[in-house]
Every structure is written in C-alpha cells, then in structure tokens.
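Following: one structure in structure tokens, then a few remarks.
In our numbering, the protein residues as written are 104 to 332.
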C-alpha cells in the first residue's frame, strides 16, 4: 500500500473485505478525525483481528486516502444462505437503502463451474451423499454474494481512484476466480488491469507445481512457523 501510494500519489484507495458497507459512514468519520479509534470499533462491527488492519487504515488516514468498507454484512449473506436469492431481491425491492447501497446489483452473477468445484472441495462436500443440494446452492450463493459485493465496491471505487488495493481472504481470488470474475462482470465499460497477489504460509518454502501453479499472478510463500498465534 505504501509503494502504491508512492507510485501514484493521491490516486490510491484501500478496499477491505473485513468491514461491510454499513460501516462506511463511521469509517469515514474516523478517517476525517471526527471520532477516535475506540468509537470507530464500537460502531463498525470490526473483525476480531482488527488490529492487523489498523496500520493500513491509519496509513490512509495520514495520507488522506479513501478506505472502502467493501463487503456486504453477514446478516445478508446468512439471508442468502438460509432463504436464497429471492429473499434478498425482495429486501432490495422493499428498501431503497439496500437496493442502492448495502447490496450489489441483483441478481448477482452465478458462480462459475470451476469456482463451485473449488468451493465444494474447500467445504469438504465433494461427492457427499445425502446432502441437501439446494442448501449447498444457497451456501454457494452466500459466498458469491460476498465476492460480488466486493467486486462492485471496487468497481465504484475505480471511478474515483486510479488504483484500488483490495485486501481479502485467499479463496476470494484463488485462481483469479471469485472477485476477479465478478469484477469483469461489473467493469464492462471500463478498461482496467488487475494483479492478484496471495501470501501463503507453508512449512517448506518451496514452490509446488501442484499446489501453487496458477493460484494467483504473484505468490509469496511465508514461513508458517514464524506466525505469532
């Protein structure tokens, strides 16, 4: 983030998976120095490891760079998971705030076959017998809702900033699926470039063709034993 800000002074925005859109107003108040950090935490539904992201936010505060609370809330992803897309579309139909701000344009783009296969493998539900396939579809929809919301937030940010640094969990960008797929869907009228960078903790710092090939544009292997848990 520091290097990006040096390369493009005043043209960079930070986008974060770990704060949802409902926190944007209080995040802006913190960035503009109207409230302190504790007040920001009290009203922003922060992640448990919010201290890890504070240096990024405070760097932007110092440099007067925008920070985007990019995700949808967990209550909306739970709504998608439990009741499906119809409930989400009904909510957007009834509420202007949800339709125009809290949710991405609906319906969201369906997950690709490769993304779904990765999702099932990650969740341990490959070939599971007796599993309610409709429930799996709704769970996948909830995951895709996160990807779509973040991609839509990035797209909106790109109209105001020439470079957006988005920080998210590995699965959301793995193999340039997830967020990148939805980004392509939303950015049809915009000529943009993207680079996905993943940091993977490993026991052995050795590139593995089977595990690491095509995982991202750039892969950084880090020592798992050096992580302070």
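Positions of the beta carbon are idealized from the N, C-alpha and C atoms, including for glycine.
Note that this is a predicted model, so its numbers are computed, not measured.
Residue i lies in the alpha helix (DSSP H); which residues open and close that run?
i, result
"residue 169", "Note, residue 169: premise wrong, no alpha helix (DSSP H); not H, not E."
"residue 280", "Per DSSP, residue 280 belongs to no alpha helix (DSSP H) and is neither H nor E."
"residue 313", "312-315"
"residue 110", "105-110"
"residue 142", "140-146"
Can you tell me the Cα-Cα spacing of residue i and residue j, whole angstroms?
i, j, result
"residue 310", "residue 147", "39 Å"
"residue 207", "residue 322", "29 Å"
"residue 155", "residue 268", "16 Å"
"residue 187", "residue 244", "7 Å"
"residue 242", "residue 119", "22 Å"
"residue 253", "residue 162", "21 Å"
"residue 184", "residue 238", "7 Å"
"residue 116", "residue 149", "19 Å"
"residue 277", "residue 157", "25 Å"
"residue 201", "residue 211", "14 Å"
"residue 138", "residue 130", "9 Å"
"residue 313", "residue 203", "43 Å"
"residue 262", "residue 325", "34 Å"
"residue 132", "residue 153", "17 Å"
"residue 329", "residue 303", "12 Å"
"residue 284", "residue 216", "12 Å"
"residue 179", "residue 289", "20 Å"
"residue 297", "residue 151", "29 Å"
"residue 191", "residue 182", "7 Å"
"residue 170", "residue 226", "31 Å"
"residue 331", "residue 305", "14 Å"
"residue 286", "residue 140", "31 Å"
"residue 327", "residue 240", "33 Å"
Could you tell me which residues DSSP puts in a beta bridge with residue i?
i, result
"residue 304", "325"
"residue 119", "172, 270"
Please classify residue i as buried or exposed, where buried requires at least 16 other C-beta atoms within 10 Å of its C-beta.
i, result
"residue 142", "exposed"
"residue 246", "buried"
"residue 272", "exposed"
"residue 299", "buried"
"residue 281", "buried"
Q.
Just to confirm the assignment: which complete alpha helix (DSSP H) runs, minimum length 4, are found wholly within the region 173-239?
A. List check, alpha helix (DSSP H) in window: 177-186, 188-197, 216-226.
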